[in-house]
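Structure first, then comments.
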Amino acid sequence: MLLKTIRYIKGYIRIRITGYSTERFLNACSHKGIVLWGLTPVNRAYEMNIETKGFRQLKPIIRKTGTKVVIVGRFGLPFFLHKYRKRKLFFAGAFLSVALIFLMSRYIWNIDIRGNLSYTDETLLRFLASTEVTNGMPVSEVDCARIVKDIRKEYNDIIWVSASIKGTRLIIQVKENEDSLPAMDMAGTAGAESELGEAGNGEAQAMDIVADQDCVITRIVPRSGIPMVKEGQEVKAGDLLVSGQVPVLDDAGTVIAYQYHKADADIQGRTSVEYLDETDLAYMVKEYMDVEKIEYTLKIGSYFLRFGSIRNSYDTWEMNGSEKQLCIGENFYLPVICDKRTARPYRPQEKKYSKKELQKILSANFQRYCKDLDKKGVEIIENNVKIYTGSKKAEARGTLTVLTPIGTLAQSQLLEIPVIEEQDETGE
Numbered sequence: 075m076l077l078k079t080i081r082y083i084k085g086y087i088r089i090r091i092t093g094y095s096t097e098r099f100l101n102a103c104s105h106k107g108i109v110l111w112g113l114t115p116v117n118r119a120y121e122m123n124i125e126t127k128g129f130r131q132l133k134p135i136i137r138k139t140g141t142k143v144v145i146v147g148r149f150g151l152p153f154f155l156h157k158y159r160k161r162k163l164f165f166a167g168a169f170l171s172v173a174l175i176f177l178m179s180r181y182i183w184n185i186d187i188r189g190n191l192s193y194t195d196e197t198l199l200r201f202l203a204s205t206e207v208t209n210g211m212p213v214s215e216v217d218c219a220r221i222v223k224d225i226r227k228e229y230n231d232i233i234w235v236s237a238s239i240k241g242t243r244l245i246i247q248v249k250e251n252e253d254s255l256p257a258m259d260m261a262g263t264a265g266a267e268s269e270l271g272e273a274g275n276g277e278a279q280a281m282d283i284v285a286d287q288d289c290v291i292t293r294i295v296p297r298s299g300i301p302m303v304k305e306g307q308e309v310k311a312g313d314l315l316v317s318g319q320v321p322v323l324d325d326a327g328t329v330i331a332y333q334y335h336k337a338d339a340d341i342q343g344r345t346s347v348e349y350l351d352e353t354d355l356a357y358m359v360k361e362y363m364d365v366e367k368i369e370y371t372l373k374i375g376s377y378f379l380r381f382g383s384i385r386n387s388y389d390t391w392e393m394n395g396s397e398k399q400l401c402i403g404e405n406f407y408l409p410v411i412c413d414k415r416t417a418r419p420y421r422p423q424e425k426k427y428s429k430k431e432l433q434k435i436l437s438a439n440f441q442r443y444c445k446d447l448d449k450k451g452v453e454i455i456e457n458n459v460k461i462y463t464g465s466k467k468a469e470a471r472g473t474l475t476v477l478t479p480i481g482t483l484a485q486s487q488l489l490e491i492p493v494i495e496e497q498d499e500t501g502e
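Position in the sequence shown counted from 1, then plus 74, gives you my numbering.
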């Protein structure tokens, strides 16, 4: 590749050799150090490439060998420039383009964020903009170390950040803590622990498990704490299931103190869940017309130029759009964006589902609901859901009897230790 580029810059000529002593011609060129390449036989002649410097040295060789040389073509930058030497505007435009590309290479025109799952690109881009990291900023002003530090400081669940510059592209890679608990669970637990932390000492560890719904306990396996209910017992939401306060007894069986723990247990309960899902009997279908309005927009920085229009007089139409940023290679982005928007008019047509289609839709929704319950560890033991069809809607409703995990952590209400009055020897 490098050799081809050098030869193109220097320029070369494609020649055709005819005569009876073409072999002598080739040997003489080799003896003189004239470089030939791309040798191919053509009819009773040979074609080959030769440098312009070597072509000027051929006269004595041609006279000595009695061969005839014909120029087939001229290639390379010198011949290209000579051909278009009168087109000054062309060269001025080429020079201006190179200058603009060089100037644009000193700025960031694309910010690529990778690895984000819970945070959208728009959210992270807004935060970066608040720290003055935006498209169009000079490459020399980009502080990758500061960007990493700011993101880590703002988002606690992002455990790793990398920022690098490639061409006119700022690439930010993040890794989130996938093992973190859901936001609600973390907030609830953190709130309980912070309140308990104010109690100080061992009391900060006292947490109970309470029922989060009405049910009948079918299984309870405690690992830490004292169980307060038995299997087969009916409980209400908020009832204490496992206490985190373990009593300490003396020889007489009297409570003299409490040990404080974070209650832990596997608890399962039987309960009923109401299910309801409905859908309309009628639905809308779009009947597209043979009309299409297209609008192109060329955006250069904050300026834009539109071609065409999506304006129309139809009552109903849908619009689709696509946007592409101009890029040279993989990482050299330019502040030029091509946008295309298409408007397609349609007539809305109302249609009705058949009974078979309604049953299929509602059954599919119910199956997805059951799969979601199974992922949460909920086992369905009785299904009383049926499909009903009305004049405007169809619905699947009924009751499911399930076995589900029960219990949530709650701050323990500290119990008072009974006070034992001491008696003197006379019994007074």
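Cβ coordinates follow ideal geometry from the N, Cα and C atoms, glycine included.
Check your understanding: With 8 Å set as the bound, which would you pick, yes or no: does the beta-carbon of S214 sit closer than that to a beta-carbon of chain D?
Key -> Included in the structure is just one protein chain, with no chain D present.
Review point. When we look at the beta-carbon of S486 and count the other beta-carbons within 10 Å, is it buried (16 or more) or exposed?
Key: buried
Review point. How far does the beta strand (DSSP E) with T478 in it reach, from first residue to last?
Key: From DSSP, the beta strand (DSSP E) with T478 extends over K467 to P479.
Point to revise | Local conformation of Y229 per DSSP, three classes | key: coil
Review point. Can you round the beta-carbon distance between N123 and R88 to whole angstroms, since I take them to be within the 8 Å contact cut?
Key: 6 Å
Review point. P409 and I374 look like a contact to me (Cβ under 8 Å); what is the Cβ gap, rounded to whole Å?
Key: 6 Å
Check your understanding: Relative to the C-alpha of Q342, which residue among T371, R98, Y370 and G306 is closest?
Key -> Measuring from the Cα of Q342, the nearest candidate turns out to be G306.
Exercise for review: Figure out for me which residue from G241, N230 and K78 has the closest Cα to the Cα of E250.
Suggested key: N230
**Study point:** Residues near I245 by beta carbon distance below 6 Å, same chain, minus five either side
**Key:** D186 and S238
Check your understanding: What is the rounded straight-line gap between the Cα of L199 and the Cα of A339?
Key -> Each residue's Cα considered, the two are about 44 Å apart.
Review point. With a cut-off of 8 Å, do at least 3 Cβ pairs link the segment 281 to 288 to the segment 474 to 490?
Key: yes
Point to revise | Own chain partners of Y362 with C-beta closer than 6 Å, once the 5 adjacent residues on each side are dropped | key: R418 and Y420
Point to revise | alpha helix (DSSP H) runs contained entirely in the segment 406 to 455, provided each spans 4 or more residues | key: 429 to 449
Review point. Are the segment 345 to 359 and the segment 458 to 470 touching by the rule of at least three beta carbon pairs closer than 8 Å?
Key: Touching, yes.
**Study point:** Start and end residues, beta strand (DSSP E) containing L340
**Key:** Reading off the sequence shown, one finds Asp at residue 340, where the question assumed Leu. Run containing D340: D338 to D354, per the beta strand (DSSP E) assignment.
Practice item. Taking all protein chains shown into account, decide if L314 is buried (16 or more other Cβ within 10 angstroms of its Cβ) or exposed. Key: buried
Review point. How big is the Cα-Cα spacing for L177 and G210?
Key: 12 Å
Practice item. Return yes when the Cβ of K336 is within less than 8 Å of the Cβ of G318, no when it is not. Key: yes
Review point. Skipping 5 residues on each side, what residues in its chain have a beta carbon closer than 8 Å to that of A264?
Key: At A264, the pLDDT of 36 sits below 50, so the modelled position is not reliable; the number obtained from the coordinates is stated separately. Closer than 8 Å at the Cβ level, and outside the excluded window around A264, lies no residue.
**Study point:** Beta-carbon proximity list for C289, same chain, < 7 Å, skipping 5 on both sides
**Key:** V309, G343, R344, T345 and I480
**Study point:** Option nearest I30 by Cα separation, candidates I491, R90 and V476
**Key:** Because the chain in this structure spans residues 75 to 502, residue 30 falls outside the shown range and cannot be described.
Point to revise | Pick from M302, K398, K414 and R415 that is closest to Y407, judged by C-alpha positions | key: K398
Review point. Helix or strand or just coil, what does DSSP make of N386?
Key: coil
Point to revise | Beta-carbon proximity list for V359, same chain, < 7 Å, skipping 5 on both sides | key: Q423 and K425
**Study point:** Own chain, CB closer than 6 Å to T371, minus 5 neighbours either side, in chain order
**Key:** F378, R380 and D413
Review point. What is the residue span of the alpha helix (DSSP H) that D195 lies within?
Key: Following the DSSP letters along the chain, one finds D195 inside the alpha helix (DSSP H) bounded by residues D195 to S204.
Exercise for review: Using only alpha-carbon positions, find the residue among V248, P321, Q247 and K434 that is nearest to L489.
Suggested key: P321
Review point. Alpha carbon to alpha carbon, how far is E404 from Y82?
Key: 25 Å
Review point. Given a threshold of 16 other Cβ atoms within 10 Å of its Cβ, counted over all protein chains shown, does G299 qualify as buried or as exposed?
Key: Burial check for G299: the Cβ neighbour count within 10 Å reaches 16 or more, so the residue is buried.
Check your understanding: Per DSSP, I374 is paired with what?
Key -> Y377 and V410
Point to revise | Cβ shell of T96 (< 7 Å), same chain only, five flanking positions each side left out | key: If we look at T96 and ignore the five residues flanking it on each side, its Cβ neighbours are Y120 and T141.
Exercise for review: To the nearest angstrom, report how far apart T416 and W391 are at their CA atoms.
Suggested key: 10 Å
**Study point:** Straight-line gap, N439 to E348 (C-alpha atoms, nearest Å)
**Key:** 15 Å
Check your understanding: Run through DSSP, which three-state label would G327 get?
Key -> coil
Review point. Would DSSP call A484 helix, strand or coil?
Key: strand
Check your understanding: Any idea what DSSP makes of N209, helix, strand or coil?
Key -> coil
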